[in-house]
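In my numbering, the protein residues as written are 1 to 248.
(1) If you follow the alpha helix (DSSP H) that residue 151 is part of, which residue opens it and which one closes it?
(2) Among 96, 117, 105, whose alpha-carbon lies nearest the alpha-carbon of residue 210?
(3) Taking the alpha-carbon positions, what's the residue 171 to residue 238 distance?
(4) Residue 13 and residue 200: beta carbons closer than 9 Å?
(5) Can you tell me whether DSSP reads residue 159 as helix, strand or coil?
(6) Do three or more CB pairs link the region 141-152 to the region 113-122 at distances below 8 Å?
(7) Using a 10 Å radius around the Cβ and a threshold of 16 neighbouring Cβ atoms, would you call residue 17 buried or exposed?
(8) Output yes or no for whether 9 Å exceeds the beta carbon distance between residue 130 and residue 109.
(9) Shortest alpha-carbon distance to residue 194 belongs to which of 208, 94, 52, 134?
(10) In whole angstroms, what is the alpha-carbon distance linking residue 64 and residue 234?
(11) Candidates 216, 40, 168, 198: which alpha carbon is nearest residue 153's?
(12) Keeping to the same chain, check which residues put their C-beta closer than 6 Å to that of residue 188; ignore five residues upstream and five downstream.
(13) Enumerated in chain order, which unbroken segments of the beta strand (DSSP E) with a length of 3 residues or greater are wholly contained in the region 165-198?
(14) Work out the CA separation of residue 35 and residue 28 for me, nearest whole Å.
(15) Taking just the CA atoms, how far does residue 58 sit from residue 99?
(16) Quick one: is residue 215 buried, meaning 16 or more other Cβ sit within 10 Å of its Cβ, or exposed?
(17) Between which two residues does the alpha helix (DSSP H) carrying residue 207 extend?
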């Protein structure tokens, strides 16, 4: 018996597109979805035609978190460890990719779904989006998300989100730095396409060095950060490529 794919994959216009495809379950993440997403990211990274990556969710919601039923079955069959790391590997893959990864978020982005959005380099939120980490209310912990969340919104906002479990609107999420831009309902699809195509029009060489340096600065002191910048400049100049053709 074959299992229906949980993810819809497409590659056109220089964009690798991965769409969570379980709208009846608000695109809840199960083990198969997580594995398919990691494989898609690996394919996008290896494909020289892909210059940027877009992660979306079908239907009214981006992703309402981990599929609780699937999670219970997974935990029953495993003592943890490898399975616990599955979603962490997706977060790590996004961070390590040389190409920008954009999340386009509508409706609910909760728990693991909020974590998936937070892991992306840019988060474009439709004005109706709500984002939250409600795990504490269920006696759990937003464990893997916390390291990204603290870097994204700072200590006080991050603790408020994970300790209260409250959901925030797109506008509040933008104010605290949790999302990059808020887009109107009417313009959402067109603006997402315009932004992702703009990213794809840039030099892949420049983008790769920019992204690598941006995340390499995590945890470095001021002097070490400057040193890393000087080193990256030298490497980039030594391997400079011609500018990409502008997108029509």
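For every residue, glycine included, the Cβ atom is placed at its ideal position computed from N, Cα and C.
Quick look at the numbers:
(1) Looking at the DSSP string, the run of the alpha helix (DSSP H) that includes residue 151 is 143-153.
(2) 96
(3) 42 Å
(4) yes
(5) The three-state reading of DSSP puts residue 159 in helix, counting H, G and I together.
(6) Note that the region 141-152 touches the region 113-122; at least 3 beta-carbon pairs, one per stretch, sit closer than 8 Å.
(7) A buried status is given to residue 17, since no fewer than 16 other beta-carbon atoms sit within 10 Å of its beta-carbon.
(8) The answer is yes: Cβ separation under 9 Å.
(9) 52
(10) 44 Å
(11) 168
(12) 126
(13) 167-169, 181-183
(14) 13 Å
(15) 23 Å
(16) Under a 10 Å Cβ-count criterion, residue 215 is classified as exposed, with fewer than 16 other Cβ atoms of the shown protein chains found around its own Cβ.
(17) 204-216
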